[in-house]
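Under full-length UniProt numbering, the letters of the sequence shown match residues 1 to 292, in that order.
The structure appears right after this line, and notes come after that.
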Amino acid sequence: MQSSLRDFFLSPRASSIITANKSKSTPRRRPRLKLIGSPNNRPPLQQMIIDAGQKKIGLEQCAKCGMVYSLNDPNDVEQHGQFHHRFTQTKSFQVTVNQLCAWKQTLFNEHVESPLVGYLFLIDSLSTSTLRRKMETILTNFVNEELGYSADLPVWDLERQRKALVFVRDSNGSEAPFVCGILLVDVVAEAMLMPQQKRFKGSFLGVDRIWVHSQLRRKGIANFLLDSSRRILASSADKEVPRTRVAFSDPSGLGVQLAISYVGDKENGRYITCSSAVKEDKLGVFERELGV
């Protein structure tokens, strides 16, 4: 039987039948891709995209929360929504009226009328107030990540000499009081003039971290916190620490901009950093922002 089948398929008659059937079969058509652009003058190779009616494509930086994400990636868009909600809402930063009253009774504080109505508190690592724990939670869960630091970056220095200024905006009738600004500051003995990288010794206020809630930025709160630290932490009650004695520890690009706008851009009057070393990529940020 096998020999008969083999002889049949090798015969001229079988070959003609197979050839005839192939010629009658319907050829498969490749799916056509629609190109966006003029059909008459197309280059040999053209990038094809899906026109889904979107107004924006590519990377986008949120003006409120600062996150950079891809508009084309659904996961990125979802993560931005979650991140944005965390940092733009005030629920996680709110305090009760009873808490505010208790803090005013036990902590150094000042009532503030400008730039916003609220209270400025001074605390340190030895404080037993619930405001200290509230501030530490905010720094660990929100601020460190927003500023580009690791979440477990310690709040306090090893010597426990660091001071914290916390600004709590008072209730405005429609919203409860909430923590809207934090400044961590150290007294340091050396600062570096940037971008020249010249070191100077003396007494400086070293800004470890400064943060303002995204809803209240560009209202002068950062400058208010820095001004308050120069006044409150001055060695003499009748003097303020000069602006030229404020240095910033490893600032980001936005931090460098704040430093320049606050300290000034005169070559002999700007101590931008109190970091012990400046990485090459960070030096580029200083040079770019300072226009060097």
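Backbone N, C-alpha and C define an ideal beta-carbon position, used for all residues, glycine too.
- Non-local C-beta neighbours of Q61 in its own chain, meaning closer than 6 Å and more than five positions away in sequence, comprise V68, ordered along the chain.
- According to the DSSP assignment, N98 belongs to the alpha helix (DSSP H) that extends over V97 to T106.
- P115 is not a Cβ neighbour of I182, given a cutoff of 7 Å.
- Using a Cβ-Cβ distance cut-off of 8 Å, the region 222-235 and the region 158-168 are in contact, since at least three pairs of beta carbons, one from each stretch, lie closer than that value.
- As for any beta strand (DSSP E) of minimum length 3 sitting wholly inside the region 155-199, the runs are 163-169 and 178-193, ordered along the chain.
- At the C-beta level, V179 and Y119 stay beyond 7 Å of one another.
- Between E146 and the set D76, L107, V212 and V117, the nearest pair of CA atoms involves V212.
- Residue environment: A189 is assigned as exposed (fewer than 16 neighbouring CB atoms within 10 Å of its CB, all protein chains considered).
- Put simply, the backbone Cα of K201 is about 18 Å away from that of D250.
- If you look at Q94, you'll find it isn't in any alpha helix (DSSP H); DSSP assigns it neither H nor E.
- The bridge partners DSSP lists for A222 come to none.
- Nearest in C-alpha terms to P242, of all of V256, Y262, F108 and S70, is Y262.
- Take the alpha-carbon of V112 and the one of K104: they are about 13 Å apart.
- Here N72 carries a coil assignment [DSSP, helix/strand/coil].
- Annotation for Q257: the continuous alpha helix (DSSP H) segment containing it runs G253 to V263.
- Apart from sequence neighbours up to five positions away, the residues of its chain that approach N223 with a beta-carbon distance below 7 Å are Y262, ordered along the chain.
- Here L153 is near N144, since their CB atoms are less than 7 Å apart.
- In the displayed model, R217 falls within coil according to three-state DSSP, outside both helix and strand.
- If you look at L131, you'll find it in the alpha helix (DSSP H) that goes T130 to I138.
- Looking at the DSSP output, Y119 shares a beta bridge with H111 and V168.
- Nearest C-alpha to S127 among G148, S171 and W156: W156.
- From the listed residues D73, S125, L131 and H80, the smallest Cα separation to V97 is found for L131.
- For F248, the uninterrupted beta strand (DSSP E) segment begins and ends at V246 to F248.
- Annotation for N109: Y119 and F121 place their beta carbon closer than 6 Å to its own, counting only its chain and skipping 5 residues before and after.
- Between V187 and F248 a beta carbon distance of about 14 Å is seen, past the 8 Å cut, so the two are scored as non-contacting.
- When DSSP states are grouped into helix, strand and coil, S229 belongs to the helix group.
- Taken through DSSP and simplified to helix, strand or coil, V143 comes out as helix.
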